[in-house]
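Protein chains in written order, with the working numbering: chain A, 77 to 407; chain B, 77 to 407; chain C, 77 to 407; chain D, 77 to 407. Scroll down for the structure; my scribbles are underneath it.
4 protein chains.
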Amino acid sequence: MQRFALIGAGFIGAVHAENLAANPSVDLVVVYDVDLSRARALTGRFGGRPTDDESDAFDPSEVDAVFVASSTDTHAAHLRRAADAGLAVLCEKPLAPTLAEATEVVEYVEASGIVAMVDFNRRFDRDHAHLKRIIDEGGIGAIELVQMSSRGPSLPPVDYLRVSGGQLRDQTVHFFDLCRWIAGQDPVSVAATGSVLVDPALTGFGDVDTSVATLTLPSGALVQIDSVRRTGYGYDERIEVMGSSGLVESRRQSPGNVSQYSSTGIVSTGLYAGWFERVRPTYAAALAAFVTALETRTPSPAPLRDGLRAQAIAEAATASLGSGRTETVVY
Amino acid sequence: MQRFALIGAGFIGAVHAENLAANPSVDLVVVYDVDLSRARALTGRFGGRPTDDESDAFDPSEVDAVFVASSTDTHAAHLRRAADAGLAVLCEKPLAPTLAEATEVVEYVEASGIVAMVDFNRRFDRDHAHLKRIIDEGGIGAIELVQMSSRGPSLPPVDYLRVSGGQLRDQTVHFFDLCRWIAGQDPVSVAATGSVLVDPALTGFGDVDTSVATLTLPSGALVQIDSVRRTGYGYDERIEVMGSSGLVESRRQSPGNVSQYSSTGIVSTGLYAGWFERVRPTYAAALAAFVTALETRTPSPAPLRDGLRAQAIAEAATASLGSGRTETVVY
Amino acid sequence: MQRFALIGAGFIGAVHAENLAANPSVDLVVVYDVDLSRARALTGRFGGRPTDDESDAFDPSEVDAVFVASSTDTHAAHLRRAADAGLAVLCEKPLAPTLAEATEVVEYVEASGIVAMVDFNRRFDRDHAHLKRIIDEGGIGAIELVQMSSRGPSLPPVDYLRVSGGQLRDQTVHFFDLCRWIAGQDPVSVAATGSVLVDPALTGFGDVDTSVATLTLPSGALVQIDSVRRTGYGYDERIEVMGSSGLVESRRQSPGNVSQYSSTGIVSTGLYAGWFERVRPTYAAALAAFVTALETRTPSPAPLRDGLRAQAIAEAATASLGSGRTETVVY
Amino acid sequence: MQRFALIGAGFIGAVHAENLAANPSVDLVVVYDVDLSRARALTGRFGGRPTDDESDAFDPSEVDAVFVASSTDTHAAHLRRAADAGLAVLCEKPLAPTLAEATEVVEYVEASGIVAMVDFNRRFDRDHAHLKRIIDEGGIGAIELVQMSSRGPSLPPVDYLRVSGGQLRDQTVHFFDLCRWIAGQDPVSVAATGSVLVDPALTGFGDVDTSVATLTLPSGALVQIDSVRRTGYGYDERIEVMGSSGLVESRRQSPGNVSQYSSTGIVSTGLYAGWFERVRPTYAAALAAFVTALETRTPSPAPLRDGLRAQAIAEAATASLGSGRTETVVY
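Now the structure itself:
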């Protein structure tokens, strides 16, 4: 049984609280939030003690592991505190607003020797994980071409976007991680192209809403990632990997399986309307993998350094967007 | 808030307990089982008071509704007791081992005026319900031909089958109900054909493991239902309805969406290995529909009499299996 | 090189003329029709000598094989004439209007020793043939359940239907043959149910437009065939075979592969509008198989007797439609 | 009736001869080849007079239109000769080995006023054309992102590749044309990345076998094209266009529709083994469109200048491959 403290009781904190409560190997003992009433709302439904005193969440006599689901600017501080207390930590991404800060905190945490994981939940998507298993077992030979689509149904609020760091750092970063994880290689260079097609306001702060990044792996394999903020047809996520002897695809997902035939065609259930329902099961699966690592004393399924590397690719991609050149990734 | 007593803490009782605990409009107050330790196992996880005193479950001062998930031979007694206490009741099917007993208890309960529902959970399958909605909105015109497949992955234990009443009463009965529900018509006649292809032991008690039933609706529309106890490829459930202007299909369901392309073909995720994972969400949806009916004082979404009618079709189908003749259904 | 005479220059004769002309092992030497101008229309496009003198088509010094594509009531006479002349013969189905006449002519032709084939073209459908290959190679184990759908887009003219012999003899007979061919077994009994849902005029001559037949094979395996004269969504043909270890399906066919995603669903290319485009390639494939049999001196890929057996099943099915009983098939 | 001369009786010439013979509005009168025996082989099967005298093919008293299917280095000369003779011309691509030569001949032909078409046959693929129709009718709103895959099953002979001009000029050029044609816009810039993953010999002459090109349209819409010389799973061609309100896809094509279900997954018919069977119907469709333009005196469905523009994009893409920069396309 692993005793957990949850840091942060906002939207994503509530998702994690529900998964912590449902995991049979987890005891949710503390929920911390600067706003005590928010913490209380979660402990009322999922158990544990609410607190607005941060030190309650980092008390090694009561807690084995900390789940950091607070706002991005406080991640680094909470990671350090977990390291100081010798507690295992599962942390939402990104680890820090800038790559420099993130690098600093990762080195700090690594020095402490605690088990730490960045919550790259998409690695735990059932279909993506199945795709990787097929590749790892040699099902398609050596990887030669990867395509990933990351397409949200609607533009997030412009106020959110303004401070997000840009589409490649905020949205595509998940897929930069998937790329490394699936291929087992660190991209050497990246070329990115982007446009503002949805809301001209993005131009004001140098962001784009539709972009394409092409990465080159050390083996020469190529990776294409398209990122779209607003589709007209729901949430669209898809991975396709071509190897020397075959191809494997984690297909678009629909929440239903109904088809209607008429003289004008066949109409089938569309894609998920939003990203959350599609992605929801991955949070519980990521948590379960972290808990298993703790119980079996095996390495973190997503070391903090993986978060750094994904951020490094995002930096190079963002630079390429400006320069119109292929940029080398500096890890 | 509806206060519920759960009667029966076996496998299916545990499923219902979890759904009762998760439904925000339900307060699970009592779990009754003849074996108190089984009741306790559920209340420990899902809340409520365990008891082996049946009268605790039918106390109107504490309970608004009873969920009957006990063994089949006690359903009738529990239904009567709920009627006597004036409690709403949601009951597992079948209502009683024989049609005669079922008819008697349904009339008793109807006379009492309580809200009562038979747990025809497949009506609440997201895809089947979507299919019905399309039909009800005129999407395919008048129904002309219906096909339903009910195919389990493996033969249930022969000891279970021996007392099950036969494949048509035990397995196909769910689809007899779906047929009535989808078409909004009561079949007038049925012809059934069956074989023993999996285990010759079934011949000893007159059962079959593979069968086909053809029903005729009052409109002349035809319905084919195939029932298979053991496929070699997982759990296979599928409904197709052809109307005068189109066709709608609730397709086979896979738990994943991965496809692998090679020179020998395209391999995609197969069907669910078992029936339970496929059908699981329907239990919570059926419960939610019952609770909504209670809260909005609207009619039962599956009156007990619907259970009777499905049983009547099963009787006629079973008779046809023996006679080799098309048999009229007597309601 | 096989020298062919074509008997009959109507719609289906023109289809065969085109295939004869395109087959590199065939020399189309004569086209016979009672109406010389129709014969001429074909020889103008596809070569050969037009004639309205039947004896030209059965002259062994000029002709090796005869393709009988004349009207049904003359098939038997042309078959006998081919037998008398010692010519190989490929004949459109049915062999004769009644089972008795058909039996007589088959015995006559068999006695002559010529190579004769009934044009069961659906056996040569690429997908159906692939399905059979998988079954024959043991891909699904022993056959347990077969489903076939035969659904035309629109009701043929009532004048045609009046003399067609009824839906089971006219339409379903192709699938009775497919059933025998796929399973490699002769059905022992059949139960059929039918309705008039499209045009009440059919009631006047005892026909139906929507029907279901259930056949039992000697192994106990069950076969369902639905036959529909008028769908609202195009031409729909589909075969599914379940065995003891798996299932194989020759799926519905679309003439295109376009999908459109929107917020209301995914719209894909519908089915073929008519039967002819869907079935067209099977005629050339059937001819090619016949020619190969001639050239390699191997047995007919569809002996005339197979035509008889399919007709015998149709007779029993038609009887069942009237009696409401399962009927034994008499071969 | 349009009288055609066919120039070139090699592999692709034979394909065109068959289509010319089958087109009811075409009279194939002359087949020219420097090797008279090759011309004869075609006229023997498809009609017309064989010749090795080029002037027979450009005689306006006998010929209305010329189909140029000769070797690439003679295309320009044949185009000029058709222009001089005032004959309509349908020409295989590319129009000339270099963009400069191609520009020169296009201007020469345009000045002559003849109807001229470059044989961009993929525009006439049934599914691609359907996709374009949906877009043109506003089915997905304004184009925002296009993805095209061009993937051959096996590496062409290295001797062919050595003189092909490189993957982007030789293979991707078809898709540069499709991009312009679908979007109705001329790309302003292109960035390309490529690798040698299949045969190191390509490095010797600066070619790649796996590449990705990203184009930017004047509207800001982005286009990704991946080009692969050797898949391990057959011929793979696919177009996907996302617009402001939806997405449309011309899907991968299989030559069959069989699915086999087992406990380990669902195996379906794979892709076409080679490009030719997949693309074959487009040649006849392109010819038909040309003939229709002649008969109805409407503009060429693919003016020669379109060939130039596609070549211009290929030049810029090839330059980007070397420079690592986004390159502007110069038309």
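Don't be surprised by glycine CBs; every beta carbon is placed ideally from N, CA and C.
Chain-order list of residues whose beta-carbon lies under 6 Å from that of residue i (same chain, five-residue window excluded)
i, result
"Thr-286/C", "Ser-271, Leu-273, Val-304"
"Met-318/C", "Glu-220, Leu-221"
"Ala-81/C", "Val-106, Ala-133, Val-139, Val-142"
"Lys-208/A", "Ile-258"
"Arg-227/C", "Val-304, Thr-307, Asp-312"
Limits of the alpha helix (DSSP H) - the one that residue i falls within
i, result
"Phe-281/C", "No alpha helix (DSSP H) contains Phe-281/C, which DSSP labels as neither H nor E."
"Pro-331/B", "Pro-331/B -> no alpha helix (DSSP H), and no H or E assigned at all."
"Ile-315/C", "Where Ile-315/C is concerned, there is no enclosing alpha helix (DSSP H), although the beta strand (DSSP E) it sits in stretches over 312–319."
"Val-367/A", "351–372"
"Arg-381/C", "380–399"
"Val-191/A", "From DSSP, Val-191/A is part of no alpha helix (DSSP H); its letter is neither H nor E."
"Phe-134/A", "Segment: none, Phe-134/A is in no alpha helix (DSSP H) and carries neither H nor E."
"Gly-89/C", "87–98"
Beta-carbon gap between residue i and residue j smaller than 8 Å
i, j, result
"Asp-149/D", "Asp-128/D", "no"
"Ala-268/A", "Leu-397/A", "yes"
"Gly-241/B", "Ser-321/B", "no"
"Asp-135/D", "Glu-168/D", "no"
"Val-102/C", "Val-367/C", "yes"
"Glu-403/A", "Ala-392/A", "yes"
"Leu-254/C", "His-206/C", "no"
"Gly-215/A", "Gln-336/B", "yes"
Separation of residue j from residue i, as counted between CA atoms
i, j, result
"Asp-283/D", "Val-239/D", "10 Å"
"Ser-230/B", "Ser-339/D", "12 Å"
"Val-185/B", "Pro-100/B", "28 Å"
"Ser-265/C", "Ala-386/C", "13 Å"
"Asp-201/B", "Gly-280/B", "35 Å"
"Arg-327/C", "Ala-93/D", "35 Å"
"Pro-375/D", "Gly-162/D", "16 Å"
"Leu-380/B", "Ala-153/B", "14 Å"
"Pro-170/C", "Gly-383/C", "7 Å"
"Arg-121/D", "Gly-346/A", "50 Å"
"Leu-363/B", "Gly-332/B", "26 Å"
"Thr-394/B", "Gln-300/C", "18 Å"
"Asn-95/A", "Val-405/A", "36 Å"
"His-250/B", "Arg-373/A", "48 Å"
"Gln-78/A", "Arg-125/A", "16 Å"
Where the beta strand (DSSP E) containing residue i begins and where it ends
i, result
"Gly-341/D", "341–344"
"Ile-108/B", "Note on residue identity: the sequence assigns Tyr, not Ile, to residue 108/B. From DSSP, the beta strand (DSSP E) with Tyr-108/B extends over 102–108."
"Val-299/C", "298–304"
"Gln-78/B", "78–83"
Coarse secondary structure for residue i, derived from DSSP in three states
i, result
"Pro-126/C", "strand"
"Ser-146/C", "coil"
"Ala-172/B", "coil"
"Leu-323/B", "strand"
"Tyr-236/A", "helix"
"Phe-196/D", "coil"
"Gly-217/A", "coil"
"Val-406/B", "coil"
Neighbourhood of residue i by C-beta distance below 7 Å, restricted to the same chain and skipping five residues each side
i, result
"Val-181/C", "Ala-152, Leu-155, Arg-156, Leu-171, Ala-172"
"Thr-292/C", "Pro-263, Val-264, Ser-265, Leu-298"
"Ala-365/B", "Phe-200, Pro-377"
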